[in-house]
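Asks: Provided herewith is a single structure, encoded as structure tokens, for subsequent inquiry.
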Amino acid sequence: MNEPSVSESAEIKPWYRRELTIFIAGSLIIAFLLVLVSMALYNSSGAAQLDLSRPGYQSVQSEVEPDTFEGFPSDGPVTRGTLEQFKQLYDTQTKPVTDKNVFSPSALDGKALGIDDAPVDE
Amino acid sequence: MKRTIPRLAGLIVAAVVIGAVPVFARSSGTMTDDHVARIRTNCHLALATLSQIHANDAPVYVNRNQTYYSISAKLMTRLNSRLSLNGYDTTELSKTAATYNSDLADFRSAYKQYDNLMDDVVRIDCTKEPVGFYDKVADARAAREAVNDAVAKLTDDINRYRSQVGDFESRYFALPGEKKS
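Structure below.
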């Protein structure tokens, strides 16, 4: 009986070896692509800006107020009293957001940050 | 194939050079050595301030966004729906609500842009790239101004809607002796 040659012994390695490698590599590639897609969605949808579990924001998480406002009923009759009730709800809800200068650009002014062109001691 | 790789490399180099020229020209044209030195000296303190501003902005945005959304979804939309169901003309109120929703989308988009720019600013090594840092701060300032403008528009919409509800009330439910609008 003849001994198998070197090339023949290479061919008889387990059948699943090649498939398993492809399967693992394929899974990793698909997982990587899914992570890329989800990160792109996370950033493009604006969810990132609402996510205060990001590094650097833990200290301000407590400043977020839960939304407990139930709103105005969308059905029922319309009377003067209904409108008065609406106006009261509306005024209460809009009061915290009436400050127009909350994102004033002067906070990032070069002078305020000490990076403007003026000499330090003038 | 052999020719493709050098061509691709050439295109990439050209794109980088063309992209870099305006940034270089924008900063180096007006910036003196003293100014660059001043930025380099003060930038760590500026970065700490910017990081603090960036962190403080986040809850303000989250709270504002939530309140703005509830004004639209839980007040404007519901009142418009209720008035329509009762057969009233809500054209003006609906128009203002639509403008408000569009301005709310602009606010979110403007804040997103600002937030991304601030992320870039606080990550930059300002001692190595003082000019780039200065430019990024200028970009972030412009983006912050856009957010502020969006807030002002939303405030105007909110006030207009409130005033229209008052007009509606005077038109349909005026008390005896009260002038109808």
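Quick note, the sequences are listed as chains A and B, same order. At position 89 of the first sequence (counting the first as 1) the number is 106 in the numbering used here, and the numbers step up by one without a gap. At position 111 of the second sequence (counting the first as 1) the number is 370 in the numbering used here, and the numbers step up by one without a gap. Ideal Cβ placement from N, Cα and C applies to all residues, glycine included. Predicted model only: the values in this text are computed from it and were never measured.
#1: Would residue 59 (chain A) count as contacting chain B if we go by Cβ distances under 9 Å?
#2: If you draw a straight line from the alpha carbon of residue 296 (chain B) to that of residue 377 (chain B), how long is it in whole angstroms?
#3: Since residue 413 (chain B) is in the alpha helix (DSSP H), which residue starts that stretch and which ends it?
#4: Measuring CB atoms only, is the stretch 315 to 322 of chain B touching the stretch 63 to 82 of chain A, in the sense that at least three cross pairs come out at less than 8 Å?
#5: Is it the case that the CB of residue 107 (chain A) approaches a heavy atom of the ligand FMN more closely than 8 Å?
#6: Output the residue ranges of the alpha helix (DSSP H) runs that lie fully inside the stretch 70 to 134 of chain A and measure 4 residues or longer, sorted by chain position.
#7: Have a look at B:430, B:374, B:338 and flag the residue whose alpha-carbon is nearest the alpha-carbon of residue 63 (chain A).
#8: Would you say residue 419 (chain B) lies against chain A (beta-carbon separation less than 9 Å)?
#9: Assuming residue 352 (chain B) is part of the alpha helix (DSSP H), what are its boundary residues?
#10: Is residue 360 (chain B) close to chain A? Criterion is C-beta to C-beta, closer than 9 Å.
#11: Nearest by alpha-carbon distance to residue 106 (chain A): which of A:94, A:87, A:115 is it?
#12: Are at least three pairs of beta-carbons, each pair with one atom in the stretch 381 to 394 of chain B and one in the stretch 412 to 432 of chain B, less than 8 Å apart?
#13: Assign residue 45 (chain A) to one of two classes, buried (16 or more other C-beta atoms within 10 Å of its C-beta) or exposed (fewer than that).
#14: Less than 9 Å between CB atoms is the rule here; does residue 325 (chain B) satisfy it with respect to chain A?
#15: Using the C-alpha atoms, what's the distance from residue 95 (chain A) back to residue 101 (chain A)?
#16: Just reading off the alpha helix (DSSP H) that residue 347 (chain B) is part of, what are its end residues?
#17: Listed from N- to C-terminal order along the chain, which residues in the stretch 331 to 350 of chain B have their beta-carbon within a distance smaller than 8 Å of any beta-carbon of chain A?
#18: For residue 342 (chain B), which residues of its own chain have a beta-carbon under 6 Å away from its beta-carbon, when the five flanking residues on both sides are left out?
#19: Spatial neighbours of residue 356 (chain B) within its chain, please: C-beta separation below 8 Å, excluding the five flanking residues on both sides.
#20: Within 10 angstroms of its Cβ, does residue 389 (chain B) collect 16 or more other Cβ (buried), or is it exposed?
#21: Buried or exposed, going by whether 16 or more other CB atoms sit within 10 Å of the CB of residue 371 (chain B)?
#22: Mapping the DSSP letters down to three states, classify residue 281 (chain B) as helix, strand or coil.
#23: Would you mind working out which of B:351, B:291, B:410, B:360 sits nearest residue 329 (chain B), comparing C-alpha positions?
#24: Answer with buried or exposed for residue 127 (chain A), where buried requires no fewer than 16 other C-beta atoms within 10 angstroms of its C-beta.
#25: Quick check: residue 117 (chain A) and residue 401 (chain B), are their CB atoms within less than 9 Å of each other?
#26: Residues of the stretch 71 to 86 of chain A in Cβ contact with chain B at a cutoff of 8 Å, in chain order, please.
#27: Terminal residues of the continuous alpha helix (DSSP H) containing residue 302 (chain B)?
#28: Would you kindly work out how many angstroms separate the C-alpha atoms of residue 393 (chain B) and residue 313 (chain B), rounded to a whole number?
#29: Determine the DSSP secondary structure at residue 286 (chain B), reduced to helix, strand or coil.
#30: Use the C-beta contact count for residue 68 (chain A): other C-beta atoms within 10 angstroms, 16 or more gives buried, fewer gives exposed.
Replies: So, to answer that:
#1: Here residue 59 (chain A) refers to the residue found at position 42 of the first sequence. No, because no Cβ of chain B sits closer than 9 Å to the Cβ of residue 59 (chain A).
#2: Locating residue 296 (chain B) in the second sequence gives position 37, where the first residue counts as 1. Locating residue 377 (chain B) in the second sequence gives position 118, where the first residue counts as 1. When the Cα atoms are used, residue 296 (chain B) and residue 377 (chain B) turn out to be separated by approximately 22 Å.
#3: In the second sequence, the residue the question calls residue 413 (chain B) occupies position 154. From DSSP, the alpha helix (DSSP H) with residue 413 (chain B) extends over 389 to 431.
#4: Taking 8 Å as the limit for Cβ pairs, the verdict is that the stretch 63 to 82 of chain A does touch the stretch 315 to 322 of chain B.
#5: This structure lacks the ligand FMN, and indeed carries no ligand of any kind.
#6: Qualifying alpha helix (DSSP H) stretches, in chain order: 97 to 111, 127 to 130.
#7: Counting from one through the first sequence, the residue named residue 63 (chain A) turns up at place 46. Residue 63 (chain A) has its Cα closest to that of B:374, out of B:430, B:374, B:338.
#8: In the second sequence, residue 419 (chain B) corresponds to position 160, counting from 1. For residue 419 (chain B), no Cβ of chain A is located within less than 9 Å of the residue's own Cβ.
#9: Taking the first residue of the second sequence as position 1, residue 352 (chain B) is located at position 93. Segment 350 to 382, the alpha helix (DSSP H) holding residue 352 (chain B).
#10: Position 101 of the second sequence holds residue 360 (chain B). Answer no: the Cβ-Cβ gap between residue 360 (chain B) and chain A never drops below 9 Å.
#11: Position 89 of the first sequence holds residue 106 (chain A). Looking at the Cα atoms, A:87 is the closest of the given residues.
#12: Inter-segment contact for the stretch 381 to 394 of chain B and the stretch 412 to 432 of chain B is absent: fewer than three beta-carbon pairs are separated by less than 8 Å.
#13: Here the question's residue 45 (chain A) lines up with position 28 in the first sequence. It counts as exposed.
#14: As a first step, residue 325 (chain B) must be located in the second sequence, where it is residue number 66. Chain A, which has a Cβ nearer than 9 Å to the Cβ of residue 325 (chain B), makes this yes.
#15: Position 84 of the first sequence, counted from the start, is the residue given in the question as residue 101 (chain A). Position 78 of the first sequence, counted from the start, is the residue given in the question as residue 95 (chain A). Answer to the nearest angstrom: the Cα atoms are 10 Å apart.
#16: Taking the first residue of the second sequence as 1, we reach residue 347 (chain B) at position 88. Premise fails: residue 347 (chain B) is in no alpha helix (DSSP H) and is neither H nor E.
#17: Answer in chain order: 332, 333, 334, 336, 337, 338, 340, 341, 342, 344, 345, 347.
#18: Translated into the one-based positions of the second sequence, residue 342 (chain B) becomes position 83. Only 349 meet the Cβ criterion.
#19: Taking the second sequence and counting its residues from 1, the one referred to as residue 356 (chain B) is at position 97. Answer for residue 356 (chain B): 331, 335, 336, 339, 420, listed in chain order.
#20: Within the second sequence, numbered from 1, the residue matching residue 389 (chain B) stands at position 130. Its Cβ being crowded by 16 or more others within 10 Å, residue 389 (chain B) is buried.
#21: Walking along the second sequence from the start, residue 371 (chain B) turns up at place 112. Per the 10 Å Cβ criterion, buried.
#22: As a working mapping, residue 281 (chain B) is identified with position 22 in the second sequence. Its pLDDT being 40, under 50, residue 281 (chain B) is placed unreliably in this model, and the value from its coordinates should be taken loosely. Three-state result, residue 281 (chain B): helix.
#23: Numbered from its first residue, the second sequence carries residue 329 (chain B) at position 70. Comparing Cα-Cα distances from residue 329 (chain B) to each of B:351, B:291, B:410, B:360, the minimum goes to B:360.
#24: For the purposes of this step, residue 127 (chain A) is taken as the residue at position 110 of the first sequence. Per the 10 Å Cβ criterion, buried.
#25: Here the question's residue 117 (chain A) lines up with position 100 in the first sequence. Here the question's residue 401 (chain B) lines up with position 142 in the second sequence. The Cβ atoms of residue 117 (chain A) and residue 401 (chain B) lie no closer than 9 Å to each other.
#26: Cβ proximity to chain B below 8 Å picks out 73, 74, 76, 77, 78, 80, 81, 82, 84, 86 from the stretch 71 to 86 of chain A.
#27: Taking the second sequence and counting its residues from 1, the one referred to as residue 302 (chain B) is at position 43. 292 to 329 is the span of the alpha helix (DSSP H), which, as asked, contains residue 302 (chain B).
#28: Position 134 of the second sequence, counting from 1, holds the residue named residue 393 (chain B). Position 54 of the second sequence, counting from 1, holds the residue named residue 313 (chain B). One C-alpha to the other measures close to 16 Å.
#29: To locate residue 286 (chain B), count along the second sequence from 1; it is residue 27. For residue 286 (chain B), the pLDDT reaches just 49, beneath the cut-off of 50, and the residue's location in the model is therefore unreliable, leaving the point undetermined.
#30: Against the first sequence, residue 68 (chain A) aligns to sequence position 51. By the neighbour-count criterion, in which a residue is buried when 16 or more other Cβ atoms sit within 10 angstroms of its Cβ, residue 68 (chain A) is exposed.
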